[in-house]
Every structure is written in structure tokens, then in C-alpha cells.
Amino acid sequence: MGRRTLLKSTAALFGVGGVLASASRPARADHYDSKIHYEPQLDNENLAQLSVQSHKILGDGVKLDFGDHDGYVRLFADDFARVSVTEPGQAEYESPGVANGLDEWDAPTFGAESTSERIVLETESITVDISKDPFGVKFLDADGNVVNEDYLDKGTSGYEGDKPYVYKKTDENEAFYGFGEQPDMGFNQRGEKLENWNTDQYGYGPDSDYVYSSVPFFVGLKDTGAYGIFFDDPYHSVFHMADESDDYYYFLADGGQLTYYFAYGPEVSTVLDRYTDLTGKIDLPPKWGIGLHQSKWEYTAQEIVDTAETYREKEIPLDAMHFDIDYMGGEYNAFTWDPDYYDALQTLNADLPELHSVAVNDPGVGKTTEVNGEPYETYLEGTENDYWVKDADGDTFTAEVWPPEAVWPDFSREEVRSWYASQHDALFDAGIDGVKNDMGEPAVFQKNEKYDWTMPHDNIHGVGEDTIRHEAYHNLYGLDYARAAYEAFEQYKPEKRPFLLNRNLFAGGQRYAAIWTGDNVSSWEHLRLSIPMMLNLSVSGMPFVGCDIGGFVNRPSPELFARWMQAGAFNPYCRNHTDSHRKDELNGPRNQHPWTFGEEVEAISKQYIELRYRLLPYLYNAFKTASETGKPVQQPLMFQFQDDEQTVDIDDQFMFGDDMLVAPVLEKGATTREVYLPEDEQWADFWTDAVHEGGQTITVDAPLDRVPLFVKMDSIIPMREIQQYTGEKPLTMLTLDTYLDEEVSYSFYEDDGETRAHENGAYNVTEFTVSTNPGGVVTFEREHEEQNYDDSELSSYLLKLNRSEAPQKVQAAAAKYTAVDDAETVTETSETYTHSEEQNAVLVHIPADEDNAVRLFFNGQGRGPQGQGKGRGH
Ligand code: GLC
């Protein structure tokens, strides 16, 4: 039985706003238990034996002739190459996941040599050594170390039947990361099998074979450094990462062309930069998109308003309320409104105009000609224009999803995407700001041999010569759905930055949407697995990622909710979302709000949400970097510390931006936690100030109100005052929370946080440097690097020099700053300073137009490290 059926039965029993049932109802429809799992496999007896018969050097690589196939090795950059094997004469494939294909790259300078046995292409960074018979590809670094090479004991790479595949050698200590969205307990995927087949997996778990999104990309990390491989094949793909043998790994797909990209590091960051040069970077999100979002399936209209108001009354910051499918008119008809929810949105927009709203959307369009007594234009127009996906017979495919009978837009067609985009005026005109695209796997509520909770493989997308079977398009449907919704923002809100959240994406989806990890469960196991799941998505080019905080399915205990809120405050995308309360197995409260679980949990939730808002300048800057380089906002430790072997398997800690290390408490009842601090750095405890040497595991206190948090020494964390929502107050004073050892610089980016004006240069970049100088002098300098954002109201900096004794004097050139008694006076008065015993820090109020270096003079003995922490009450 499908979810829809369950919903219908519960709705019939209780109606909207009904209470939890104890009546005997069917147990949760768990189609996943009886899942038909089809997994593409290779017949080992039938592997290819390709050999190069002749070749031709091209302007960007080489064309290979295998007789029955062609091959190409193309150099996109000196550290980035593509290998493809095609049918003779067939064009090389680039999926819609690729944003910047071959034409966008300038071939690097390279040398080419060939002998009877090999063809060797050499760039400044890599050598591609191609063996002719058997055909095999080997990538070497500039020192001649083998970075990656084909494993030829079973045959060559090529096709087994219709299935493209590649075998690669592996070293025993090679680790693997990425693979998109994988619900594993671990981060390093060595020894695992990973599949890509977008599937609506309500209540998935570590044993689920695949979930909502597919990114056939991974990073390999070994002694020679990091490299990345992107297998650009949208068919159902499978990666066997040394799960069968320690000598090799391989990947295959159920069809499509053999095409993969190879990116050489040796830094992980370089690999991600290259991969996202190819598949696209995220847009810089609007600031409200990275504030807190609150959501629930089956809020009544009134509850949405009440919840928002309660946030304001309790002074817990909040930027957006979500409207789940309940707002839709008729029987979940996309782009229509239930009048009560429409009114609720108007009330919200009138009473809390600053609050943003996000509407869920679903691709299944109800097959109905009328909603709310009006013609249902979306269905009528789509039908008139023949925009729907077809079944194998060429008839419109019809099945049940949220609407009892639905049809699906064929997003593979450009005209359909544009038309679908145009439907969004129904949301935007009503006052909706952002969109959550759900159910684009595409989910279909039928489970049998043919359906497997999605469309049948033989459904047809496209028209004329462009038709494609569903199995070839399945993993791309969500990507094109996102693309259509993104276009809606371009059509209707061209000035504003889009906020689009998607459950179902393919590689490259980051350029349209943020991603959340679907219907997780309120359990300790899920809190635990959310970390590696988000980290692996981050390493797959998708840094704007979040999970349903508190868990979606079921309800958390107070302790679990507190721990999840603490961890989730550091999710790049931060949303509290939960399942309908009309589920008999919930056994928990109706809602999952910060105040649902008593005063203590409310205070803890508020504390961490406020901390996120205080860190907004820092977080926003991390997003800016992500939009430029593909660098994760939430980084696995191995991202910055890949040479520290201890970090390779760490999957329960992460870096929040470049400088903060978070070790969330993931175990029930725990009040301490072990934390690994990466080597070659010193780490200051954010709460106590104590500094620890890196390269060790320490045990720290972690009572319920504390998440272990550390800051790398020689860091500046830009912070600001708390706001109730991101645009509440202009940024006038920027706090520079500084952890100084020797010297630190930070480039601070600022723009309007909302429009696309920054794309035309309307932003400021200011570089701050704080350094320790001989004679006990600490110097602060700032340099305006870009100044094109005219509306900046930033007028002063509050330098907070942590772990510091009181200076004897502070001055800028000859002008002396005034010593005052307390922090409040410093905050209010320019050119003042104070020392706070309690915070073990010096605070200096520096006007933003101070062009001179500001010097803090200590006692001439040097500043010296400060004691072991005084509990600064951050
Ligand atoms: C799906 C989504 C979930 C949403 C629900 C109802 O299960 O993943 O977030 O609340 O549908 O729209």
C-alpha cells in the first residue's frame, strides 16, 4: 500500500487536525521492505578486450581506433582529462549534468609520443600513458608516480553487452569519498558497493541501496594525493569500491556511453574545483536561505501562522516557513491553492512581512480539469500541448502519486521546462519566495514488477528523434525538474537570487538547487548517519546540503532533538522538518518545534540557532567561497588535512567553514565526547579558551547544552549581533573573533545578500590582518580590496583578541584609543578598548575608515599564550 493510500485512510478517519490514532489501522505502508531491487551486474566471462589499432593525435588529445569502437582521450586542462569509448563515428556524450562541456575549455599545451606499444600525452601536471594492446589508461603525476591506472587482469574497460564499465587498480590504503547521496554510517566508502538510482525512500536507512539523488563522482585519496573520477552516465550505475578485492575497484552502468573524467589533485580542493568547473558551482544563496527554516507536513493553515508568531514571541531567530503539500487545492493539484492556506500566507506576509515562505511542489500533475470550481489550467494547457511523459505505447502515462491520477511533465523537453516554469506565477503571485521540489525521482505510488515506485523503464521522454527511454532518463528527471523551477525564478524574480531546494538531483544539480536528504528518521542512528551523508554530498559538488533536523519520520526524544538542533545549527542548509502527526506509529508530540520538548531543550535550541545567526558573516563567506571554488561549507576533516592519516576515516566530526571544528554529540546519554584534532595546528576550545595541540584525540565535556567546538589558532571568525531574521538589522559593526598565534588574514566579503547585483560587481572585499610583532605588539590592519557595494552600512570593527592579557595602550599611528571599563562602552564608542577578565580577551572598537594600522602594546615581554581557559561564556 502506498503512502497516499495510508494518507487517505488516516484522513478519512481523523480529518484535518485530527488526533493521533490508537484505532487499528494498517501498519505503515512499507514498500521498501518488499523492494524489488534490480542491480546491474557484469558478466565476467564477457568483458571487453579492446586494443588500439591506430590513433590520431588531436588538438586536445588523441582519437583511438579499436576497430569495433572508437576511443578518445581529451585533455580539458593540464590536470583534467576525459576518456570515452564510443560506437564507431558516434559523438562523445555529455550529460545535462555537465555545465561547461568540451567547447568551454582551452586545451592545455601537451606533448604526444607514441611507440608500437604506447601513446603518451604529457601536460605540465599529468601524463596519460595509454597502452595499446590491451587498451589501458594510466595517469601519472609530474614526478612519474602512478596516480590511477586501469586494472587489466579481467580484460580491458569497455562494454559488457550494453553496459559500459571500467576496472581500476587500487592500493590498500586508498580511500574513496563522494558518490553523491549515500545513507551510510561511514564516510570513507572503501569496501562498499554504491548504487545510483533515484528513489523515493521514505524512512531509508544504512541498508538502503540507493536514495533520492545520483552523483556518479568520487574522490580517491592515496599516497600520491587525491584524484577524482566522474562517470558521466545517468543510467543506473554501480560502484564496487574494492568490495570484492583489495586490488581493484570498478564501476558500471546499465546502459549509456563509456565516458569518464579524471581530475588530478593532488589536493582534494583542486579536484572539487575542477569537478565543479565542469558540472557547475552553486549560486550564492540569498541570506534568508541560510537562516533557519521551519517546516512540517500537515500543519493546519493556522498552525503555520501560529508557529511563525511563536518564534517571534520567543525571540528564536527564523527566516522561513514552509508550506507543505497541504496548501495545494483539489487533490494535491500543483500550482493551486487551498483557500485557508492562501489566507494564512497573506496573514503571514501582512503581519510578518520579513519572513520568507517556501512552497513544496510536486511534478505529478492531477488529471483533473477543475480545481476550486475553476479550470485547472496546468492540466488543461499541458494536455492541449501534449507535454506529458508517454508510456511505451505512446499514450500519456497516468498513475497515482499525491493526486489519485496524475500525469508528469516531460522535463527533457526545453519547451516543457519553460512552460512549467511559467506556471510558478501561481506561487509567486500569492507571495511565495522559495520552492521545494519534491518527488522528482520521479516517485510513483505503485510497487510491482513493472513500477518499482517510479515510472516503468519503457516510458518515453522526448519527441521525434530525441526520444529516450525512461531508464536512460530516470536519474536526470529531477535535474531537469530543478532546471525548470530555476527558470521560473529567472522568469518571475530575475533580480532576486533563487531559493530552490530539491530532493532529487543528478551531478551538476548544485547549480540550480540546494539539496536535503529526504525522509530520514528521528533516531540516534539517523543523526549519526546524517553527518557522513552530508559530507559525501559536499564532496560531490553539492555544498548547499541539509537534513531534516530532528528527523522526519517519527518524533525525537527531547534529548535527541536537543542534540540534533545543536548539530543541525551547523548544517549548510538548516531546516527543522517533520512528518505528518496523523501517523499511528509516531508515539510522540504533534510537533517538533524548539519549544515542544520543555524549557531546557528550548533554551538549548535557541542558544544554537542564535549562534548560527551570530556566525552569519562567517557562514555567508563560506558560501561565497563555495560558489567560487566548489569548496564544501561543511568540510570533512580530510578536506583540509588530507596528509593527516587520522582524518581519513573520521565521519562524526567536520569543519564548519575553514576554521571551526564541530564534533556533535551523536550518542544517547553521552556527556563527554572524544574529539580528534588534526595535526600541525593548534586548536582553541570555543567554550573554554583552552588551546590543544593537534594530532591527538582528547575527551571533552559535552553536557546537554554543549556541542564540542574548536577554532583553529590563527583564525578570524567574523560574527555579528543576533537578529530575529537575516535582514533585520544592517551590519554596522563586524566582530572579528580572533585567535592569534603568529599571524592571520581574513578576506571578508559583503554584498546586499539578496539580489544578483553582486554578479555585476556590487560587493566589497576587505582584508584584515592581525599579527604578532616583536616587542609585544599586536598589529591590526585592514585593506579594502573591492568597494563597489555602496549600500554597506558597516562602520566599525570590534576586534576581539582572544586569550589575551590587557594591553598597556592601543593606538592608530599617533592617535591613542581610550581605555574604558566594560565591553558595552567599547561597543558603543569608537576608538576605545577594554580587557575583559571574564572573556580573557581584549576588545577594540576600530572605525571602518581607520586607514592606519592599529597597534596593541603589551608589556614588552610579548603577549604570551594565556592560561587554560576561563569559561568565556561564548
Ligand atoms: C515527501 C517529502 C517530505 C514532505 C512530504 C509531503 O515525503 O520528502 O519532505 O513533507 O513528501 O509533501
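To convert, take the position in the sequence shown, counting from 1, and add 496; that gives the numbering used here. Using N, Cα and C, we set each Cβ at its ideal position, and we do this for glycine too.
The C-alpha of D839 is placed about 20 Å away from the C-alpha of R808. In this structure, the CA atom of N1336 is about 58 Å from the CA atom of F907. Collapsing the DSSP output to three states places F572 in a strand. P1039 and S1291 have their C-alpha atoms spaced approximately 31 Å apart. DSSP places G878 in the uninterrupted alpha helix (DSSP H) bounded by 873-880. The residue from L851, E827, E910, L844 with its alpha-carbon nearest to that of G869 is E827. With contacts defined by Cβ atoms closer than 8 Å, T1195 and E1170 form a contacting pair.
By the C-beta criterion, the region 1054-1068 is judged not to be in contact with the region 692-707, since fewer than 3 inter-stretch pairs fall below 8 Å. With contact defined as three or more Cβ pairs closer than 8 Å, the region 613-632 and the region 705-722 are not in contact.
Following the DSSP letters along the chain, one finds T1321 in no beta strand (DSSP E) but inside the alpha helix (DSSP H) bounded by residues 1319-1324. Residue V1203 holds the alpha-carbon nearest to the alpha-carbon of T1167 among V1203, G1153, L1133. Residue range 835-847 is occupied by the alpha helix (DSSP H) that includes Q842. Straight through space, the alpha carbons of F1135 and K1127 are spaced by roughly 9 Å. With respect to the 8 Å criterion, S547 and D667 are not classified as neighbours on the basis of their beta carbons.
Per DSSP, the unbroken beta strand (DSSP E) holding G654 starts and ends at 654-656. Contact check for N971 against P679 fails: the beta carbons are separated by 8 Å or more.
The beta carbons of N1260 and E1282 sit about 6 Å from each other, so the pair counts as a contact at 8 Å.
For the ligand GLC, no non-hydrogen atom lies closer than 7 Å to the CB of I1045. Contact annotation: the region 778-793 does not touch the region 595-606, with fewer than three C-beta pairs closer than 8 Å. Here G1014 carries a coil assignment [DSSP, helix/strand/coil]. Looking from the CA of N1087, the closest CA among P859, T1074, V856, A1099 belongs to T1074. Exclusion of the five residues before and after H1331 leaves A1302, V1338 as the residues of its chain whose Cβ lies within less than 6 Å of its Cβ. The Cβ-Cβ distance between D1248 and D1287 falls below 8 Å. Distance check between K992 and each of K783, D815, A1198 places K783 closest, using alpha-carbon atoms only. Taking the Cβ atoms as the reference, V1207 lies roughly 11 Å from L1236, outside the contact range of under 8 Å.
When the five nearest sequence neighbours on each side are left out, the beta carbons in the same chain lying within less than 7 Å of the beta carbon of P1054 are those of F1093, G1094, V1097, in order along the chain. With a cutoff of 7 Å, H1073 counts as near the ligand GLC, since its C-beta is closer than that to a heavy atom of the ligand. Contact annotation: M817 and S853 have beta-carbon atoms nearer than 8 Å.
Here Q1142 carries a helix assignment [DSSP, helix/strand/coil]. Exclusion of the five residues before and after A926 leaves W833, Y838, L841 as the residues of its chain whose Cβ lies within less than 7 Å of its Cβ.
Look at V711 here: in three-state DSSP terms it is coil, with no helix or strand label. Comparing C-alpha distances from L997 to each of H1089, L844, D820 shows the shortest one belongs to D820. Contact annotation, L1001 with G974: C-beta distance approximately 5 Å; criterion of less than 8 Å satisfied. Cβ contact annotation for S1211 (same chain, cutoff 7 Å, sequence separation greater than five): D1155, Y1235, V1240, in chain order.
As the crow flies, the alpha-carbon of L1111 is around 10 Å from that of D1233. Remark: C-beta atoms of S591 and L754 do not approach each other more closely than 8 Å.
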